[in-house]
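Enquirer:
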Amino acid sequence: MSKTVMIVDDSGSFRTVVKLALQKAGYGVVEAVDGKDAVGKLNGQKLNLIVCDVNMPNMDGLSFLRHLKTTGAYKFTPVIMLTTESQESKKAEGKAAGARAWITKPFQPSTLVDAVNKLCV
Amino acid sequence: MTTSLHNATDAAPTLARARGAWRLAAAAGLVCACGLLGWQGGAWGMGAALAAAGALPWLLRSRGVAGQAGQDDAALDPLMDTPRVSGGRVGAEVMVGQVVPVWGKQLDITRVAAADGLGQLLDGFSQMSGALGTLASQIEHSQVSVAPGAVDSALADDSPAQAALQALLAPSQRAFDQRDAAVAQLVNCHNAMLELRVLGRQAREVGKHTRLVAFNASIEANRGSQGSDGGSQAVANETRMLAARIAEVGEQVERVVSRLDRELTPERLRGEIADTSPEELRMELDLSARTALNGLLGAMGGALRSSGDVKDAAETLSQQLEATFVHFQFGDRLSQMLDIVAKDMQNFARWVAANPYATQSDAAEWLANLEASYTMEEQRSQHHGNVHIDRGSEIEFF
Numbered sequence: 154m155s156k157t158v159m160i161v162d163d164s165g166s167f168r169t170v171v172k173l174a175l176q177k178a179g180y181g182v183v184e185a186v187d188g189k190d191a192v193g194k195l196n197g198q199k200l201n202l203i204v205c206d207v208n209m210p211n212m213d214g215l216s217f218l219r220h221l222k223t224t225g226a227y228k229f230t231p232v233i234m235l236t237t238e239s240q241e242s243k244k245a246e247g248k249a250a251g252a253r254a255w256i257t258k259p260f261q262p263s264t265l266v267d268a269v270n271k272l273c274v
Numbered sequence: 002m003t004t005s006l007h008n009a010t011d012a013a014p015t016l017a018r019a020r021g022a023w024r025l026a027a028a029a030g031l032v033c034a035c036g037l038l039g040w041q042g043g044a045w046g047m048g049a050a051l052a053a054a055g056a057l058p059w060l061l062r063s064r065g066v067a068g069q070a071g072q073d074d075a076a077l078d079p080l081m082d083t084p085r086v087s088g089g090r091v092g093a094e095v096m097v098g099q100v101v102p103v104w105g106k107q108l109d110i111t112r113v114a115a116a117d118g119l120g121q122l123l124d125g126f127s128q129m130s131g132a133l134g135t136l137a138s139q140i141e142h143s144q145v146s147v148a149p150g151a152v153d154s155a156l157a158d159d160s161p162a163q164a165a166l167q168a169l170l171a172p173s174q175r176a177f178d179q180r181d182a183a184v185a186q187l188v189n190c191h192n193a194m195l196e197l198r199v200l201g202r203q204a205r206e207v208g209k210h211t212r213l214v215a216f217n218a219s220i221e222a223n224r225g226s227q228g229s230d231g232g233s234q235a236v237a238n239e240t241r242m243l244a245a246r247i248a249e250v251g252e253q254v255e256r257v258v259s260r261l262d263r264e265l266t267p268e269r270l271r272g273e274i275a276d277t278s279p280e281e282l283r284m285e286l287d288l289s290a291r292t293a294l295n296g297l298l299g300a301m302g303g304a305l306r307s308s309g310d311v312k313d314a315a316e317t318l319s320q321q322l323e324a325t326f327v328h329f330q331f332g333d334r335l336s337q338m339l340d341i342v343a344k345d346m347q348n349f350a351r352w353v354a355a356n357p358y359a360t361q362s363d364a365a366e367w368l369a370n371l372e373a374s375y376t377m378e379e380q381r382s383q384h385h386g387n388v389h390i391d392r393g394s395e396i397e398f399f
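Here is the structure:
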């Protein structure tokens with residue numbers, strides 16, 4: 154049974170690129186267009202990892218991450234932040250919120266897959 | 002829009018120069034009029050001339066300002082270089098409030114269209130990538146090795162091909178076993194014939210002895226015939242005939258056995274029947290199988306090389322697609338930047354509306370706030386007119 158990764162990004166293009174890379178590596182993929190949509194799609198389903206953008210409408214990535222860490226079922230689900238943000242203060246904020254890795258866009262699909270392979274539980 | 006803006010820009014210096022020329026002409030005319038009044042107008046004329054002389058410095062100063070504006074500020078937007086009051090609002094603010102939203106709409110429409118086009122393009126490339134992945138997988142699973150030693154591997158003791166060869170050999174092996182059994186039976190027959198020959202020889206010897214016995218009996222019968230009947234002679238004759246018959250049978254047995262012996266000599270039988278051993282047959286079969294496999298693999302070589310070429314091409318295309326997906330992200334970045342610039346322009350328009358008499362320090366503060374709002378390194382670089390050098394994807398584990 155393949156592992157499942159959730160992609161949270163308001164950009165359809167980025168979701169497509171991430172989905173292609175992960176599906177090629179054998180992962181199942183669940184998509185969400187922002188943090189609010191992601192919260193609605195959790196539904197107790199088994200997620201092995203979450204790839205999340207930072208700047209999104211409705212609920213941004215860091216808010217979603219903080220919400221996730223208060224949800225028992227997903228408290229230990231690793232989260233990779235995939236964002237154009239490169240400010241150290243933002244990275245520190247993400248780290249404090251519980252992110253396991255920070256990837257700056259634009260990214261090499263192979264780099265993302267390596268990180269997912271390393272962190273996927 | 003661009004054309005009208007250029008026309009307005011071209012017209013601005015002309016207008017400024019026209020205003021300056023008018024003021025110069027008015028001043029010159031006023032000087033002439035005052036001179037004429039002072040010369041011919043008496044006291045009233047002298048008073049008017051003095052008043053006009055007082056207005057001259059204003060006329061000449063205004064001309065200087067207008068001329069300078071026409072020359073130095075020609076590069077500025079002509080609609081914004083000179084604040085003009087319109088319905089209680091400053092002209093530049095009015096213009097910004099009306100023009101910027103139009104630009105914002107254009108940016109939004111362009112951004113949405115670009116995002117749609119990019120999405121469709123990406124879908125196309127996604128399908129290509131999927132098809133390539135399927136092709137590469139099929140080639141990977143259908144690949145047959147023709148490397149050196151492939152025939153040896155195919156015919157190894159534990160290979161399926163070897164089992165098939167053994168199955169082919171099995172009927173021949175059974176035929177060989179039956180042949181060997183037949184030869185063994187013939188050897189047994191040969192041995193039996195040797196015994197028959199001995200028996201035939203013994204029968205002939207018995208015949209000889211019996212004939213001697215019959216001869217002696219005949220002598221004794223002749224000697225005793227003087228005092229007896231001819232019965233003993235008859236027995237002797239019968240015995241002689243029996244001996245002859247025994248000898249004859251013995252000779253016949255020997256002749257038959259000799260003839261059979263000549264025809265069924267085991268060495269000759271082996272020479273005619275067992276000229277190929279099972280081991281030789283197995284080797285011949287192995288050699289034939291290798292020849293057939295070599296031919297088969299040789300014929301497959303071209304097809305496999307073609308498959309390899311297709312596989313290499315698929316891998317190259319896959320790498321190119323991955324690079325293309327990275328470039329697609331720049332398209333998305335462009336869309337994101339357009340969105341940010343559109344929002345900044347709207348903020349700027351609102352700010353101008355709230356601060357119609359902004360100073361240089363206000364502009365500096367506005368720009369500083371703008372820079373502080375940037376989330377991307379490339380925005381900070383480009384803010385200062387520097388070309389951002391993208392260092393590629395960076396990953397940081399926590």
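If you're matching them up, the sequences are chains A and B in order. Its first residue numbered 154, the first sequence is counted upward by one per residue in this note's numbering. Its first residue numbered 2, the second sequence is counted upward by one per residue in this note's numbering. Even glycine gets a Cβ: it sits at the ideal position worked out from N, Cα and C. It should be emphasised that the depicted structure is a prediction, and the values quoted were computed from it without experimental measurement.
Just checking: is the beta-carbon of L119 of chain B within a distance shorter than 8 angstroms of some beta-carbon in chain A?
Expert: Translated into the one-based positions of the second sequence, residue 119 of chain B becomes position 118. Yes, contact with chain A.
Enquirer: As a quick exercise: from A:G165, A:G214, A:Q261, A:T223, pick the residue whose alpha carbon is nearest that of E395 of chain B.
Expert: Mapped onto the second sequence, residue 395 of chain B falls at position 394. Ranking the options by Cα distance to E395 of chain B, first place goes to A:Q261.
Enquirer: Report all residues from its chain with a CB closer than 7 angstroms to the CB of R253 of chain A; omit the five preceding and five following residues, and keep chain order.
Expert: Indexing the first sequence from 1 puts residue 253 of chain A at position 100. P231, V232, I233, L272.
Enquirer: What residues in its chain sit with their C-beta under 6 angstroms from that of L175 of chain A, if we drop five residues either side in the sequence?
Expert: The residue labelled residue 175 of chain A in the question sits at position 22 within the first sequence. Result list for L175 of chain A: V158, V182, in chain order.
Enquirer: Report all residues from its chain with a CB closer than 8 angstroms to the CB of V254 of chain B; omit the five preceding and five following residues, and keep chain order.
Expert: As a working mapping, residue 254 of chain B is identified with position 253 in the second sequence. Around V254 of chain B: L197, R198, L200, G201, A204.
Enquirer: Do the CB positions of L166 of chain B and D287 of chain B come within less than 8 angstroms of each other?
Expert: By one-based count along the second sequence, residue 166 of chain B stands at place 165. By one-based count along the second sequence, residue 287 of chain B stands at place 286. Against a cut-off of 8 angstroms, the Cβ pair of D287 of chain B and L166 of chain B comes out as a contact.
Enquirer: Do L235 of chain A and S130 of chain B come within 8 angstroms of each other at the CB atom, strictly closer than that value?
Expert: Position 129 of the second sequence, counting from 1, holds the residue named residue 130 of chain B. Position 82 of the first sequence, counting from 1, holds the residue named residue 235 of chain A. Not in contact: S130 of chain B and L235 of chain A (Cβ atoms no closer than 8 angstroms).
Enquirer: Give me the chain B residues within the contact set of P262 of chain A, using Cβ-Cβ distance strictly less than 7 angstroms, ordered along the chain.
Expert: Position 109 of the first sequence, counting from 1, holds the residue named residue 262 of chain A. Within 7 angstroms Cβ-Cβ: E323, F326.
Enquirer: Does the beta-carbon of T224 of chain A have 16 or more other beta-carbons within 10 angstroms, so that it is buried, or is it exposed?
Expert: Residue mapping note: residue 224 of chain A aligns to position 71 of the first sequence, counting from 1. It counts as exposed.
Enquirer: Look at the Cβ atom of V207 of chain A, then the Cβ atom of L200 of chain A, and state whether they are nearer than 8 angstroms.
Expert: Residue numbering aside, residue 207 of chain A sits at position 54 when the first sequence is read from its first letter. Residue numbering aside, residue 200 of chain A sits at position 47 when the first sequence is read from its first letter. No, the Cβ-Cβ distance between V207 of chain A and L200 of chain A is not below 8 angstroms.
Enquirer: How about R175 of chain B: is its C-beta nearer than 8 angstroms to some C-beta of chain A?
Expert: Sequence index remark: in the second sequence, residue 175 of chain B carries index 174 (1-based). Judged by the 8 angstroms Cβ criterion, R175 of chain B is not in contact with chain A.
Enquirer: Going by CA-CA distance only, name the one from B:K209, B:E221, B:V236, B:N223 that's closest to E249 of chain B.
Expert: Taking the second sequence and counting its residues from 1, the one referred to as residue 249 of chain B is at position 248. Cα-wise, what sits closest to E249 of chain B is B:K209.
Enquirer: Which same chain residues end up closer than 6 angstroms to V274 of chain A when comparing Cβ atoms and leaving out the 5 residues on each side of it in sequence?
Expert: Numbered from 1 along the first sequence, position 121 holds the residue referred to as residue 274 of chain A. Excluding positions up to five away in sequence, the list reads N201.
Enquirer: Just the Cα atoms here: how many angstroms apart are K244 of chain A and D213 of chain A?
Expert: Taking the first sequence and counting its residues from 1, the one referred to as residue 244 of chain A is at position 91. Taking the first sequence and counting its residues from 1, the one referred to as residue 213 of chain A is at position 60. Rounded to the nearest angstrom, the two C-alpha atoms are 14 angstroms apart.
Enquirer: What does E238 of chain A reach in chain B if we use C-beta pairs closer than 7 angstroms?
Expert: By 1-based counting over the first sequence, the position of residue 238 of chain A is 85. Ordered by position in chain B, the residues that pass the 7 angstroms Cβ test against E238 of chain A are T376.
Enquirer: Does the beta carbon of I256 of chain A come closer than 8 angstroms to any beta carbon on chain B?
Expert: Locating residue 256 of chain A in the first sequence gives position 103, where the first residue counts as 1. So, interface residue.
Enquirer: Looking at the C-beta of D333 of chain B, does it have a partner C-beta in chain A at a distance below 8 angstroms?
Expert: For the purposes of this step, residue 333 of chain B is taken as the residue at position 332 of the second sequence. Yes, its Cβ sits closer than 8 angstroms to a Cβ of chain A.
Enquirer: Show which residues of chain B have a CB atom less than 8 angstroms away from the CB atom of R253 of chain A.
Expert: On the first sequence, residue 253 of chain A is found 100 positions in, with the first residue counted as 1. Chain B residues near R253 of chain A: F398, F399.
Enquirer: Indicate the three-state DSSP secondary structure (helix, strand or coil) for V186 of chain A in the structure shown.
Expert: Residue 186 of chain A sits at position 33 when you count from the first residue of the first sequence. Coil at V186 of chain A, not helix or strand.
Enquirer: Let me know the secondary structure DSSP gives T240 of chain B once reduced to three states.
Expert: Taking the first residue of the second sequence as 1, we reach residue 240 of chain B at position 239. In this structure, T240 of chain B counts as helix in the three-state DSSP scheme.
Enquirer: By the criterion of Cβ-Cβ separation under 7 angstroms, what are the contact partners of S164 of chain A in chain B?
Expert: As a first step, residue 164 of chain A is located in the first sequence; it is residue number 11 there, counting from the start. Result: D333.
Enquirer: Take the Cβ of G21 of chain B as the centre, count every other Cβ of all protein chains shown within 10 Å, and call the residue buried at 16 or more, exposed below.
Expert: Sequence index remark: in the second sequence, residue 21 of chain B carries index 20 (1-based). Note that G21 of chain B has pLDDT 48, beneath the 50 cutoff, so the model's placement of it is unreliable and no number is given.
Enquirer: Report the partner residues of A254 of chain A according to the DSSP bridge assignment.
Expert: The residue you call residue 254 of chain A lines up with position 101 of the first sequence. According to DSSP, which records beta bridges pairwise, A254 of chain A is partnered with A:I233, B:F398.
Enquirer: With 8 angstroms set as the bound, which would you pick, yes or no: does the beta-carbon of F167 of chain A sit closer than that to a beta-carbon of chain B?
Expert: One-based indexing of the first sequence puts residue 167 of chain A at position 14. Chain B, which has a Cβ nearer than 8 angstroms to the Cβ of F167 of chain A, makes this yes.
Enquirer: Under the assumption that A350 of chain B contacts G98 of chain B (Cβ atoms under 8 angstroms), give the Cβ distance between them as a whole number of angstroms.
Expert: Counting from one through the second sequence, the residue named residue 350 of chain B turns up at place 349. Counting from one through the second sequence, the residue named residue 98 of chain B turns up at place 97. With 8 angstroms as the limit, A350 of chain B and G98 of chain B qualify as a contact, their Cβ atoms being about 6 angstroms apart.
Enquirer: Give the residues of chain B in contact with K208 of chain A, contact being defined as C-beta atoms less than 8 angstroms apart.
Expert: For the purposes of this step, residue 208 of chain A is taken as residue 55 along the first sequence, with counting starting at 1. For the record, residue 208 of chain A in the displayed sequence is Asn; it is not Lys. Simply T376.
Enquirer: Could you check where the alpha helix (DSSP H) with T169 of chain A kicks off and where it finishes?
Expert: Residue 169 of chain A sits at position 16 when you count from the first residue of the first sequence. Per DSSP, T169 of chain A belongs to the alpha helix (DSSP H) from 165 to 177.
Enquirer: Using 8 angstroms as the threshold, is the C-beta distance between K197 of chain A and A178 of chain A below it?
Expert: As a working mapping, residue 197 of chain A is identified with position 44 in the first sequence. As a working mapping, residue 178 of chain A is identified with position 25 in the first sequence. Inspection of the sequence shows that residue 197 of chain A is occupied by Gly rather than by Lys. Contact flag unset, no.
Enquirer: If we count Cβ pairs, one from each stretch, closer than 8 angstroms, do we get three or more for the region 323 to 333 of chain B versus the region 120 to 129 of chain B?
Expert: Result yes; three or more Cβ-Cβ pairs closer than 8 angstroms.
Enquirer: Going along the chain, which residues of the region 124 to 137 of chain B sit with their C-beta nearer than 9 angstroms to a C-beta in chain A?
Expert: Under the 9 angstroms Cβ criterion, the region 124 to 137 of chain B contributes D124, F126, S127, S130, G131, G134.
Enquirer: Please list the partners that E281 of chain B has in chain A, where partner means a Cβ-to-Cβ separation under 8 angstroms.
Expert: As a position in the second sequence, residue 281 of chain B is number 280, starting the count at 1. In chain order: nothing, as chain A lies at least about 54 angstroms away.
Enquirer: With R241 of chain B and S219 of chain B assumed to form a contact (beta carbons below 8 angstroms), what rounded beta-carbon distance in angstroms separates them?
Expert: Within the second sequence, numbered from 1, the residue matching residue 241 of chain B stands at position 240. Within the second sequence, numbered from 1, the residue matching residue 219 of chain B stands at position 218. Confirmed, about 7 angstroms.
Enquirer: Which bits of chain A does Q139 of chain B rub up against, with CB to CB less than 7 angstroms?
Expert: Walking along the second sequence from the start, residue 139 of chain B turns up at place 138. In chain order: nothing, as chain A lies at least about 15 angstroms away.
Enquirer: Please check if any C-beta of chain A sits within less than 8 angstroms of the C-beta of F329 of chain B.
Expert: Position 328 of the second sequence, counted from the first residue, corresponds to residue 329 of chain B. Chain A contact via Cβ: present.
Enquirer: Does any C-beta atom of chain A lie closer than 8 angstroms to the C-beta of E395 of chain B?
Expert: Within the second sequence, numbered from 1, the residue matching residue 395 of chain B stands at position 394. Yes, contact with chain A.
Enquirer: Quick check on this structure: which residue in B:L282, B:P102, B:A114, B:G134 has the alpha carbon closest to the alpha carbon of R175 of chain B?
Expert: Taking the second sequence and counting its residues from 1, the one referred to as residue 175 of chain B is at position 174. Nearest of B:L282, B:P102, B:A114, B:G134 to R175 of chain B, Cα basis: B:L282.
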